[in-house]
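From first to last, the protein sequence lines stand for chains A and B.
Using the numbering used here, read the first sequence as starting at 5 and increasing by one per residue.
Using the numbering used here, read the second sequence as starting at 23 and increasing by one per residue.
First up is the structure itself, then whatever we jot down about it.
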Amino acid sequence: MKEKRGRRPFNKTRLKNQVLNVVKNPFNIIVAITLVVLFCLIVIPLLQMIASTFTAARDDIKRIGGQVGDFTLYYWKYLLVGKLSGATLWGPLKNSLVCGFFTVLVSVPLGSILAWLVVRSDLPGKKLIGMLVVIPYMIPSWCKALCWLAVFRNKTSGSLGFLAGMGIPIPDWLAYGPVAIVLCMSLHYYAFSYIHVSSALRSINSELEEMGDICGANQLQILKSITLPLVMPSILSAVVMTLSKSIGTYGVAANLGSRIGYFTLATKMKTFINGGPQAVGFAMSLVLIALAALIIFANQRIVGVRKSYATIGGKGGRSTEMHLGKAKGPLMAFIVVFLFFAMVAPMFVLIMETFQVTTGNGYGLSNLTLYNWIGTLDEAQVYTSMEGIFRNKEFGNAVFNTIRLTAIGSIITAICGQFLGYIATRGRGKWYGNLTEQLVFIPYLMSGVAFSSMYVAMFNRPRLGGLIPALYGTFTLIVLTSVVKHFPFASRSGQANMMQIAVELEEAAEINGASFFQKLRKIVLPLAKNGFISGFMLTFISIAKELDLIIIMMDKHTQTMSYLAFTYSQEGYNQMADAISVCVLLFILVCYIIANRFGADIGKAW
Amino acid sequence: MSKIELKHIDKFYGDNHVLRDINLTIEDGDFMTLLGPSGCGKTTTLRVVSGLEKPQNGIMTIDGVEMINAETAYYAEPSKRGLNLVFQSYALWPHMTVRENISFGLKIQKLPKEEIEKRLQESLRMMRIQEYIDRYPNELSGGQQQRVAIARAVASNPKLLLLDEPLSNLDARLRIDMRSELQRIHHELGTTVIYVTHDQTEALTMSTKIALFKAGELSQVATPLELYMNPIDLQAADFIGNPRINLLEGTAEMKGGDLHVTSELGDYVFPGSDMTDEPIPEGVFPCVLGVRPEQVQITTQSVEDSLAVKVYANQFAGSETLVSLRAGESDFLSKQIGLTSYDMDQTVYIHIPHEKINIYNAESTRLIKRAY
Chain A
5 MKEKRGRRPF
15 NKTRLKNQVL
25 NVVKNPFNII
35 VAITLVVLFC
45 LIVIPLLQMI
55 ASTFTAARDD
65 IKRIGGQVGD
75 FTLYYWKYLL
85 VGKLSGATLW
95 GPLKNSLVCG
105 FFTVLVSVPL
115 GSILAWLVVR
125 SDLPGKKLIG
135 MLVVIPYMIP
145 SWCKALCWLA
155 VFRNKTSGSL
165 GFLAGMGIPI
175 PDWLAYGPVA
185 IVLCMSLHYY
195 AFSYIHVSSA
205 LRSINSELEE
215 MGDICGANQL
225 QILKSITLPL
235 VMPSILSAVV
245 MTLSKSIGTY
255 GVAANLGSRI
265 GYFTLATKMK
275 TFINGGPQAV
285 GFAMSLVLIA
295 LAALIIFANQ
305 RIVGVRKSYA
315 TIGGKGGRST
325 EMHLGKAKGP
335 LMAFIVVFLF
345 FAMVAPMFVL
355 IMETFQVTTG
365 NGYGLSNLTL
375 YNWIGTLDEA
385 QVYTSMEGIF
395 RNKEFGNAVF
405 NTIRLTAIGS
415 IITAICGQFL
425 GYIATRGRGK
435 WYGNLTEQLV
445 FIPYLMSGVA
455 FSSMYVAMFN
465 RPRLGGLIPA
475 LYGTFTLIVL
485 TSVVKHFPFA
495 SRSGQANMMQ
505 IAVELEEAAE
515 INGASFFQKL
525 RKIVLPLAKN
535 GFISGFMLTF
545 ISIAKELDLI
555 IIMMDKHTQT
565 MSYLAFTYSQ
575 EGYNQMADAI
585 SVCVLLFILV
595 CYIIANRFGA
605 DIGKAW
Chain B
23 MSKIELKHID
33 KFYGDNHVLR
43 DINLTIEDGD
53 FMTLLGPSGC
63 GKTTTLRVVS
73 GLEKPQNGIM
83 TIDGVEMINA
93 ETAYYAEPSK
103 RGLNLVFQSY
113 ALWPHMTVRE
123 NISFGLKIQK
133 LPKEEIEKRL
143 QESLRMMRIQ
153 EYIDRYPNEL
163 SGGQQQRVAI
173 ARAVASNPKL
183 LLLDEPLSNL
193 DARLRIDMRS
203 ELQRIHHELG
213 TTVIYVTHDQ
223 TEALTMSTKI
233 ALFKAGELSQ
243 VATPLELYMN
253 PIDLQAADFI
263 GNPRINLLEG
273 TAEMKGGDLH
283 VTSELGDYVF
293 PGSDMTDEPI
303 PEGVFPCVLG
313 VRPEQVQITT
323 QSVEDSLAVK
333 VYANQFAGSE
343 TLVSLRAGES
353 DFLSKQIGLT
363 SYDMDQTVYI
373 HIPHEKINIY
383 NAESTRLIKR
393 AY
């Protein structure tokens with residue numbers, strides 16, 4: 005037997021052929037380009053941001069001394085041990101962790117129990133409930149914050165909300181701050197746990213539970229020692245995702261916290277990035293990224309590979325329902341009440357507020373108006389000096405920007421996602437496939453604000469001697485940020501899509517003489533079409549409702565509907581803000597209905 | 023029509039050495055079957071021939087033209103090798119009709135329209151699937167899909183047709199139909215065929231030659247008859263044949279140019295002219311007798327050259343009956359055609375024609391005495 009791949013002597017023909025083998029295959033070229041682009045878009049910005057926390061910036065020279073561009077530990081010292089570090093880092097960090105912890109505590113059990121009830125019990129109207137409970141996930145979390153304000157607003161922020169208007173005294177600790185933030189985020193992220201756990205529950209063969217029954221276990225014992233351990237991995241991963249997402253959330257925390265000076269890491273970071281010193285903000289963003297990475301890797305260590313069985317074995321098999329017996333009535337009542345208070349009531353108050361002259365003044369005819377929607381300046385009320393949103397140029401501009409951003413962003417993202425998915429699946433187990441997967445995963449670790457701050461750091465001035473222009477403040481940068489941030493999701497949907505196309509189908513074309521591009525055009529593209537459209541729609545929705553990611557980069561010219569609603573709310577134009585968020589909701593709803601037509605599953609969206 | 027030569031082919035997946043120094047010549051017009059248990063490298067060999075895998079060592083030529091030369095890292099593209107492949111999963115493009123599936127490769131070759139139509143109709147006729155021309159693959163049964171896959175492969179007039187376990191997804195009855203179908207195609211087209219299977223019946227019934235694989239190595243290349251009559255080692259003997267060959271322990275010694283064998287079946291003397299080229303140990307050495315069950319003849323009366331044995335069990339299986347027998351401490355099987363029935367523990371007499379017995383060296387497991 006011959007020695008394994010021993011070093012061969014140098015041989016010209018061999019070298020020529022080896023080079024030709026690589027160059028003649030367009031796939032290799034595409035992989036190479038992709039890796040370079042990913043490197044430029046993900047690794048370099050991250051390094052750049054890290055570097056800028058150690059480099060003296062022009063604006064801060066007075067404080068630091070020395071030359072622009074000098075190495076400095078000033079920013080990290082400022083953040084970690086400075087006189088203000090209690091207020092800049094440790095306080096907000098504690099607030100973030102507290103909010104994240106309690107959000108998990110409320111949302112994960114809530115979502116898991118709902119999932120069990122919908123999937124495994126004999127609750128009446130399960131299908132309808134199953135549909136209704138995921139609706140909150142479609143609503144952007146910052147919209148929920150506006151709903152919360154519409155209901156609980158008190159004198160502290162000028163105009164009254166629904167409850168205060170009815171004469172019920174609302175204390176600040178309920179209207180704003182941690183309680184409000186935790187409840188709002190919980191009402192958002194419970195749907196996330198629901199989606200995760202319910203899909204795990206569906207994949208469990210009920211014969212496993214029936215076997216427990218035969219062995220003499222009662223329902224509670226079965227639940228405790230069979231069902232729960234089997235779905236534990238997905239519950240844990242829901243915990244992890246909820247924690248890392250809620251720690252990085254900006255919109256909710258800013259709407260509900262800033263008014264009373266309650267800052268989280270994400271909101272505090274933005275004040276630094278907008279007000280300087282920027283590098284301190286970048287350093288905070290690195291803290292956020294490290295935190296998220298820590299949580300996710302801790303999860304991987306704890307759950308590990310051995311225990312990820314819940315996701316394997318898609319053979320659902322038969323599924324017998326658990327009888328709830330006497331508990332059925334109270335549980336049903338709980339769900340109805342929950343859905344009413346979590347969805348119907350706040351939405352109603354939010355929508356009604358858009359028709360009110362004075363918020364919190366009841367729904368008497370004298371207090372109802374269409375002014376907020378179509379009013380002119382002549383009819384302008386005492387409190388506002390703006391036209392109704394449909395006459396408002398700013399709003400028109402925002403609608404245009406939103407559509408422009410979502411359309412362009414999601415088309416690019418979806419196409420890139422399919423390519424990345426193709427490379428990752430066809431290169432599975434090979435170095436370039438793994439590298440692509442890992443690179444694409446990095447944006448997943450970062451919360452929206454942290455990610456965009458990285459891009460701000462990268463593009464706030466020209467790089468590489470002008471090869472990469474300064475994009476700060478441009479629409480292009482916003483699109484780019486949205487695209488790259490959604491790479492992980494898009495590439496995962498691309499991967500799922502490409503997995504469905506057996507490699508043999510491509511090989512058969514190859515043997516029949518198709519070139520790489522013919523193969524792509526005639527075999528892969530037609531087969532990937534449907535998956536592409538549903539992936540595209542989900543990205544579309546996700547970009548449409550995005551606020552956290554782009555808030556740092558927005559200004560009057562580039563602002564989207566989400567951002568406009570946020571600014572109006574901050575400035576106290578509550579009805580206007582509400583009206584805009586109603587528009588955003590309608591936009592998302594329409595998109596979702598269209599997406600559903602193409603078989604998109606909201607459970608796969610983030 | 024072509025002659026394929028593989029020389030010193032080595033293939034690694036990472037550190038996994040899946041093909042070990044494969045040397046194989048496939049003559050023009052052969053129906054060569056690559057046979058072996060799963061994971062033995064037969065499909066990898068097929069993929070190396072097709073061009074879908076690149077071996078790290080070795081040379082392959084088709085009709086004398088170099089297609090693979092690992093030394094100079096030269097690998098001809100699959101489409102330049104004049105072959106076509108039928109996949110185990112058929113790999114029919116689900117978004118194309120039967121017509122589009124078959125004419126895809128022809129269109130890529132930019133053949134004139136009339137030529138494409140002619141070849142399309144020709145291959146449809148040969149596979150007898152004319153009526154399904156406008157159906158999509160998912161509107162066809164498994165057997166029909168199989169026919170489309172073969173039609174697609176032959177439409178390109180390949181000099182070499184590769185088939186990767188094409189019958190494994192069909193039910194037993196269809197499999198038998200398709201076997202004769204494939205034989206017809208081979209006969210009609212006259213192309214060289216390389217056929218991969220783990221099913222020895224398929225291999226024995228269709229092939230002109232069989233290459234038996236074992237753990238990434240070629241253990242024997244022979245005609246079906248030769249492979250059945252004289253498996254080259256104990257593993258090959260055990261793999262080929264259904265019911266399995268009887269392997270009985272014994273001792274042997276070369277005396278005066280003849281091989282003297284002693285076992286519970288009695289004493290035998292085989293002439294030196296039946297011996298293979300394998301080296302024979304000095305003195306008395308352990309050996310294994312290979313006896314095909316159908317060679318064990320049973321009579322109820324003692325005749326010349328027969329041995330008294332006990333019936334252990336009696337399995338009736340329609341056209342044949344399998345009788346388990348016991349001679350001393352050794353169990354072995356006899357296959358009787360037709361309806362025969364013996365009582366358990368009944369004493370019967372067996373006769374085994376000398377020339378049909380294989381003798382293996384127990385130590386090296388290699389064949390030392392041929393049957394004929």
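For each residue, glycine too, the CB sits at the ideal point set by N, CA and C.
All values derive from a computational prediction rather than experimental measurement.
{"query": "Taking Cβ-Cβ distances shorter than 7 angstroms, what residues in chain B pair up with L515(A)?", "result": "Reading off the sequence shown, one finds Ile at residue 515(A), where the question assumed Leu. In chain order: S72, P100, S101, N106, L107."}
{"query": "Report the rounded CA-to-CA distance for P128(A) versus G333(A), giving the unit in angstroms.", "result": "10 angstroms"}
{"query": "DSSP on L389(B), reduced to helix/strand/coil?", "result": "strand"}
{"query": "Pull up the CB-CB distance for C420(A) and A494(A), whole angstroms please, since I reckon it's below 8 angstroms.", "result": "6 angstroms"}
{"query": "In the DSSP assignment, the alpha helix (DSSP H) including H220(B) goes from what residue to what residue?", "result": "Premise fails: H220(B) is in no alpha helix (DSSP H) and is neither H nor E."}
{"query": "Assuming the contact rule is C-beta atoms closer than 8 angstroms, S566(A) and L590(A) should be a hit. Round their C-beta distance to whole Å, please.", "result": "Contact flag wrong, Cβ pair sits at about 13 angstroms."}
{"query": "Kindly confirm or deny that the region 55 to 62 of chain A and the region 217 to 237 of chain A touch, where touching means at least three C-beta pairs closer than 8 angstroms.", "result": "no"}
{"query": "Within 10 angstroms of its Cβ, does G69(A) collect 16 or more other Cβ (buried), or is it exposed?", "result": "exposed"}
{"query": "Judging by CA-CA distance, which residue of D85(B), T67(B), K357(B), L204(B) is the nearest neighbour of N79(B)?", "result": "T67(B)"}
{"query": "Under 8 angstroms, CB to CB, which of the residues in the region 217 to 245 of chain B have a partner in chain A?", "result": "none"}
{"query": "So what does M82(B) bridge to, in DSSP terms?", "result": "L28(B), I90(B)"}
{"query": "From the DSSP secondary-structure annotation, give me the bridge partner or partners of T47(B).", "result": "E27(B)"}
{"query": "Spatial neighbours of A142(B) within its chain, please: C-beta separation below 7 angstroms, excluding the five flanking residues on both sides.", "result": "Per the sequence presented here, residue 142(B) reads as Leu, with Ala not at that position. Correct list, in chain order: R121, I124, S125, A177."}
{"query": "Against chain A, with Cβ distances strictly below 8 angstroms, would Y382(B) count as a contact?", "result": "no"}
{"query": "Determine the direct distance from the alpha carbon of N264(B) to that of I283(B), and round the result to whole angstroms.", "result": "Ile is not the amino acid found at residue 283(B); the sequence shown has Val there. Approximately 26 angstroms between the Cα atoms of the pair."}
{"query": "The beta strand (DSSP E) spanning K347(B) covers which residue range?", "result": "As written in the sequence, residue 347(B) is Leu, which differs from the Lys given in the question. Here the beta strand (DSSP E) through L347(B) covers 342 to 349."}
{"query": "Taking the alpha-carbon of T214(B) as reference, which of L128(B), T230(B), P134(B) has the nearest alpha-carbon?", "result": "T230(B)"}
{"query": "If contact is defined by three or more beta carbon pairs under 8 angstroms, each pair taking one atom from either stretch, is the region 288 to 303 of chain B in contact with the region 385 to 394 of chain B?", "result": "yes"}
{"query": "Let's test the definition: count the other Cβ atoms within 10 Å of the Cβ of Y266(A) and tell me whether it reaches 16, buried, or not, exposed.", "result": "buried"}
{"query": "I'd like to know if I90(B) contacts chain A, where contact means its C-beta is closer than 8 angstroms to some C-beta of that chain.", "result": "no"}
{"query": "By the three-class DSSP mapping on this structure, what secondary structure does Y466(B) have?", "result": "Any answer about residue 466(B) is impossible in this case: the structure gives chain B only from 23 up to 394."}
{"query": "Could you work out which residues of chain B lie near N15(A), taking near to mean beta carbons separated by less than 9 angstroms?", "result": "E93, T94, A95"}
{"query": "Can you tell me the Cβ-Cβ gap for A113(B) and M149(B), rounded? I've got them flagged as a contact below 8 angstroms.", "result": "Not quite, the Cβ-Cβ distance comes to about 16 angstroms (not below 8 angstroms), so this is no contact."}
{"query": "Note down the Cα distance separating G360(B) from A339(B), rounded to an integer number of angstroms.", "result": "9 angstroms"}
{"query": "Mind the definition here: the region 18 to 37 of chain A touches the region 242 to 255 of chain A only if three or more C-beta pairs lie below 8 angstroms; say whether that holds.", "result": "no"}
{"query": "How far does the beta strand (DSSP E) with S352(B) in it reach, from first residue to last?", "result": "352 to 359"}
{"query": "Could you check whether the region 250 to 261 of chain A touches the region 179 to 192 of chain A, counting it as contact only if at least three pairs of C-beta atoms, one from each stretch, sit closer than 8 angstroms?", "result": "yes"}
{"query": "I need the boundaries of the alpha helix (DSSP H) containing S72(B), first residue and last residue.", "result": "64 to 72"}
{"query": "With 16 as the cutoff for other CB atoms within 10 Å, does S324(B) come out buried or exposed?", "result": "exposed"}
{"query": "Do you know whose CA, among A233(B), L269(B), G212(B), V313(B), lies nearest E377(B)'s CA?", "result": "V313(B)"}
{"query": "Output needed for F31(A): all residues of its chain with C-beta closer than 8 angstroms, excluding positions within five of it in sequence on either side, in chain order.", "result": "R430, F520"}
{"query": "Any residues in the region 59 to 77 of chain A with a beta carbon nearer than 8 angstroms to a beta carbon of chain B? Which ones, in chain order?", "result": "none"}
{"query": "Cutting at 8 angstroms between CB atoms, please list the residues of its own chain near E210(B), excluding the five before and the five after it.", "result": "M148"}
{"query": "From the DSSP output, in three-state form, read off N179(B) for me.", "result": "coil"}
{"query": "Might you give, ordered along the chain, the residues of its own chain that have their beta carbon closer than 7 angstroms to the beta carbon of Y367(A), omitting 5 neighbours on each side?", "result": "M356"}
{"query": "With a threshold of 7 angstroms (Cβ to nearest heavy atom), would V201(A) be considered close to the ligand GDP?", "result": "The ligand GDP is not part of the structure shown, which contains no ligands of any sort."}
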